[in-house]
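**Q** Take a look at the following structure, please.
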Amino acid sequence: MSTENSAIQYSVRPARALDLDQLRQVNVECFGKSAVPLSQVKWLLEGQGDNPSFFVRVATETGKPDQVLGTVVWKLKQDQDSRYAEILDLAVGKNFRDEKVEYSLVESVVKEASERDCIGVVVNVPQANIQATAFYLHNVFQIQHTVQKYYDDGTPMDVMVRRLK
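Structure representation (structure tokens):
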């Protein structure tokens, strides 16, 4: 998946072990102390075999395939008779946030989830994160339900869904 809607051109590809340090850097830029630990990022990368349940995708600038602009981590889940994708982490480097990289990362999840016969894509968003909620609403997600006092600080969580079928 690639884009021409921004000042730079980029594409989304599976992450590689060589991306580890940049994946961590992008995550720290976005989440600070709440960033995913390096060991967990490494574990996620190592788990992307022939039949993975976790997927790590990165956006890279065209012509610079080793420069990570952003990343999305998602997994396949099974609920009764239905399969769906759940976005676990979406992060874009601070220098690339005006390039709409996050849209391509989410669309890559939607495309792969559709190819894997998923009924939808789910993401959990802290209700206090108005920007994230607005972003997902703009990307055809809907708030399915809210879990009150989900986070340690008492913040509610919105479960957002984009139906594919």
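With the first letter of the sequence shown counted as 1, position 75 gets the number 75 in my numbering; the numbers rise by one all the way through.
For glycine and all other residues, C-beta sits at the position ideal for the given N, C-alpha and C.
Predicted model only: the values in this text are computed from it and were never measured.
(1) Tell me where the beta strand (DSSP E) around Asp226 begins and ends.
(2) Buried or exposed: which applies to His145, given that a residue is buried once 16 or more other Cβ atoms fall within 10 Å of its Cβ?
(3) Can you tell me the Cα-Cα spacing of Pro65 and Ala15, whole angstroms?
(4) Is the closest heavy atom of the ligand SAH to the C-beta of Thr71 under 6 angstroms?
(5) Consult DSSP for Ser53 and reduce its assignment to one of helix, strand or coil.
(6) Helix, strand or coil for Asn27? Go by DSSP, reduced to three states.
(7) Using only alpha-carbon positions, find the residue among Ala128, Ile119 and Leu69 that is nearest to Glu99.
(8) Helix or strand or just coil, what does DSSP make of Asp117?
(9) Among Ala35, Phe54 and Glu86, which one has its Cα closest to the Cα of Trp43?
(10) In or out: Asp89 buried (at least 16 other Cβ within 10 Å) or exposed?
(11) Note down, in chain order, each residue of its chain lying with its Cβ closer than 8 angstroms to the Cβ of Leu105, except the 5 sequence neighbours on either side.
(12) Within the same chain, show all residues whose beta-carbon is closer than 6 angstroms to that of Cys30, passing over the 5 residues directly before and after it, in chain order.
**A** Walking through what the data contain:
(1) Examination of residue 226 is not possible in this model, given that the chain is present from 1 through 165 alone.
(2) exposed
(3) 11 angstroms
(4) The ligand SAH is not among the ligands present in this structure, which contains no ligands whatsoever.
(5) coil
(6) helix
(7) Leu69
(8) coil
(9) Phe54
(10) buried
(11) Val12, Arg57, Ala59, Gly70, Thr71, Val72, Leu90 and Val92
(12) Ala91
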